[in-house]
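Worksheet: one structure, shown below.
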Amino acid sequence: MKILSIVGARPQFVKEAAIQCALKQSEKITEVLVHTGQHYDANMSGVFFDVLSMKAPDYNLGISETLHGAMTGRMLIQLEQVMIKEKPDIVLLYGDTNSTTAGALAARKLKLQVAHIEAGLRQKKPKYIPEEANRVVTDHMSDFLFCPSQVAVDNLNKENIYDGVYFTGDVMYDIFLKMQPSFDYSMIDELRLVQDNYILMTLHRDFNVDNKDVLTKILIEISRIAKEIPVVYPLHPRTRKRIQEFGLEDLLSDLIITEPVDYLKLMGLTENCFKAITDSGGYQKETYFAGKRAAVLMPETGWIELIDNDWNILAEPSDLYDFVYSKKSVQYERNIYGRGNASEEILRIIKGVV
167 MKILSIVGAR PQFVKEAAIQ CALKQSEKIT EVLVHTGQHY DANMSGVFFD VLSMKAPDYN
227 LGISETLHGA MTGRMLIQLE QVMIKEKPDI VLLYGDTNST TAGALAARKL KLQVAHIEAG
287 LRQKKPKYIP EEANRVVTDH MSDFLFCPSQ VAVDNLNKEN IYDGVYFTGD VMYDIFLKMQ
347 PSFDYSMIDE LRLVQDNYIL MTLHRDFNVD NKDVLTKILI EISRIAKEIP VVYPLHPRTR
407 KRIQEFGLED LLSDLIITEP VDYLKLMGLT ENCFKAITDS GGYQKETYFA GKRAAVLMPE
467 TGWIELIDND WNILAEPSDL YDFVYSKKSV QYERNIYGRG NASEEILRII KGVV
């Protein structure tokens, strides 16, 4: 059996790493890996190649257009050519990027079977959200829909999608458990941090950092918090550029600013923080894996289950101080995203059906 896997962004490399680990246990599956080129951060993703001995992509399409239509169109053309050449039995897609949608369209036009890992995510207010369009389109073209949570299964059922739907758990949880013995805690000593006595923040979304007023409000609130508890902030290049453009450098004076950190260091910091503040889609879930609550600086999220059970909150800048110092007791609900064997379960299902 031949699987053609398509990745294009940092979180997809994480998920692909989990699948590759499971593939090492199977001699009956050949994988062809295609990287569309949509986004790749060696500092964040390269560690998976080093620690898990991931194989390099067989194809790198180098497509990184800034406009959604141009990017998706170029991907569709080139992915079709790769699929015609490789003749896979199944095309494996991850998440909600343009790479995912282009892969689904190309495969469906060629009458190839499509498997979607991280199927069923939906946002309560989906209008005008590009990722939501990618999720819905891909789910409705997929033969296999591998859901990270029971909520995702329920979302698909509400759209009358029942066939080929499986609750397998989340492959990102697989990776968290596999990489945990290698987590790097060195920054705790380097920054003179005290366990459970600092806030960890990531911030990079355009709607937070490209608007001067919004970014100013966030940094003012974070500075207020930092006067009472250390705030560690690995500064994203995009955000650093905007802070400089807007003349907001003074609002960083009370924060512990670092360069962007790789996955192992980020998880090491996460496991020992008090709480987290983020606008990252994947990281808001990784904080849950580490048993830490997060304030999510987004208007909406696909990880609704973490909001509905009060583990995480959707936050405005004005909510951050109260979140950090809230004494509200929230019970940790285990196994929302399975038991850490999603990758093995996905390959077992594929091998049994294809």
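Basically the numbering used here = 1-based index in the sequence shown + 166.
All C-beta atoms in this analysis are idealised placements derived from N, C-alpha and C, irrespective of residue type, glycine included.
Note that the structure is predicted; figures quoted are calculated from it, not measured.
Other residues of its chain near residue i: CB distance less than 7 Å, five sequence neighbours each side excluded
i	result
threonine 405	Leu369, His370, Val375
arginine 408	Val375, Asp376, Leu381
serine 247	Per the sequence presented here, residue 247 reads as glutamine, with serine not at that position. Here the set comprises nothing.
leucine 343	Gly506
isoleucine 470	Lys290, Val317
alanine 272	Leu242, Leu245, Glu246, Met249
isoleucine 341	Val180, Ala183, Ala184
Where residue i falls, given that 16 or more other Cβ within 10 Å makes a residue buried
i	result
arginine 288	buried
asparagine 323	exposed
glutamine 450	buried
glycine 286	buried
phenylalanine 373	exposed
alanine 456	buried
arginine 358	exposed
glycine 174	buried
threonine 232	exposed
arginine 505	exposed
aspartate 445	buried
lysine 204	The question names lysine, yet the displayed sequence has glutamine at residue 204. Glutamine 204 should be labelled buried.
tyrosine 294	exposed
proline 296	exposed
glycine 518	exposed
asparagine 321	buried
glutamate 356	exposed
glycine 413	exposed
glycine 228	exposed
aspartate 428	buried
isoleucine 422	buried
Nearest-angstrom Cα separation, counted from residue j out to residue i
i	j	result
lysine 311	asparagine 363	It should be pointed out that residue 311 corresponds to leucine in this sequence rather than to lysine. Roughly 40 Å separates the two Cα atoms.
glutamate 188	arginine 514	In the sequence as displayed, the identity of residue 188 is alanine instead of glutamate. Cα to Cα, the separation comes out at about 10 Å.
valine 303	glycine 330	16 Å
asparagine 438	glutamine 361	5 Å
lysine 181	glutamate 425	24 Å
alanine 442	histidine 402	16 Å
alanine 460	isoleucine 365	10 Å
serine 492	phenylalanine 440	12 Å
threonine 436	serine 389	20 Å
alanine 183	glutamate 511	15 Å
proline 483	lysine 383	6 Å
isoleucine 283	aspartate 416	43 Å
valine 319	glycine 335	11 Å
serine 495	tyrosine 454	15 Å
tyrosine 399	glutamate 193	43 Å
glutamate 243	alanine 236	The sequence as given places isoleucine at residue 243; glutamate does not occur at that position. Distance between the alpha carbons of isoleucine 243 and alanine 236: 11 Å.
serine 230	serine 265	10 Å
tyrosine 487	lysine 458	16 Å
isoleucine 391	methionine 353	21 Å
arginine 274	phenylalanine 489	45 Å
asparagine 300	methionine 367	27 Å
threonine 267	aspartate 309	14 Å
tryptophan 477	isoleucine 502	12 Å
methionine 167	glutamate 499	38 Å
proline 314	arginine 176	18 Å
serine 219	methionine 345	12 Å
aspartate 485	isoleucine 479	9 Å
Neighbourhood of residue i by C-beta distance below 6 Å, restricted to the same chain and skipping five residues each side
i	result
leucine 170	Val198, Glu252, Pro254, Val257
histidine 276	As written in the sequence, residue 276 is leucine, which differs from the histidine given in the question. Same-chain partners within the cutoff: Met249.
tyrosine 351	Gly434
isoleucine 185	Ser509
proline 465	none
arginine 178	The residue you asked about is not arginine; residue 178 is glutamine in the sequence shown. Excluding positions up to five away in sequence, the list reads Tyr260, Gly261.
alanine 281	Ile256, Leu258, Phe310
Where the alpha helix (DSSP H) containing residue i begins and where it ends
i	result
threonine 196	No alpha helix (DSSP H) contains threonine 196, which is instead part of the beta strand (DSSP E) from 196 to 201.
methionine 353	352 to 356
methionine 338	337 to 345
valine 319	316 to 324
proline 400	First-last for proline 400: 397 to 400, but that is the beta strand (DSSP E), not the alpha helix (DSSP H).
Residue span of the beta strand (DSSP E) that contains residue i, given as start and end
i	result
lysine 383	Careful: lysine 383 lies outside any beta strand (DSSP E), inside the alpha helix (DSSP H) at 378 to 392.
serine 171	168 to 173
phenylalanine 349	Counting along the chain, phenylalanine 349 falls outside any beta strand (DSSP E), and DSSP gives it neither H nor E.
proline 483	Careful: proline 483 lies outside any beta strand (DSSP E) and carries neither H nor E.
Cβ neighbours of residue i in the same chain (closer than 8 Å, five flanking residues each side left out)
i	result
histidine 306	Glu325, Ile327
proline 223	Val173, Leu199, Val200, His201
alanine 481	Ile443, Ala461, Val462, Leu463, Phe489
threonine 196	Met167, Lys168, Ile169
isoleucine 395	Asn363, Tyr364, Ile365, Phe440, Val490
Cutoff 8 Å: residue i Cβ touching any chain C Cβ
i	result
proline 223	Among the chains of the structure shown, chain C does not appear; only one protein chain is present.
Beta strand (DSSP E) runs wholly inside the region 423 to 481, at least 3 long, in chain order: 441 to 444, 460 to 462
Length-filtered (4 minimum) alpha helix (DSSP H) runs lying within the region 222 to 304: 234 to 252, 264 to 275
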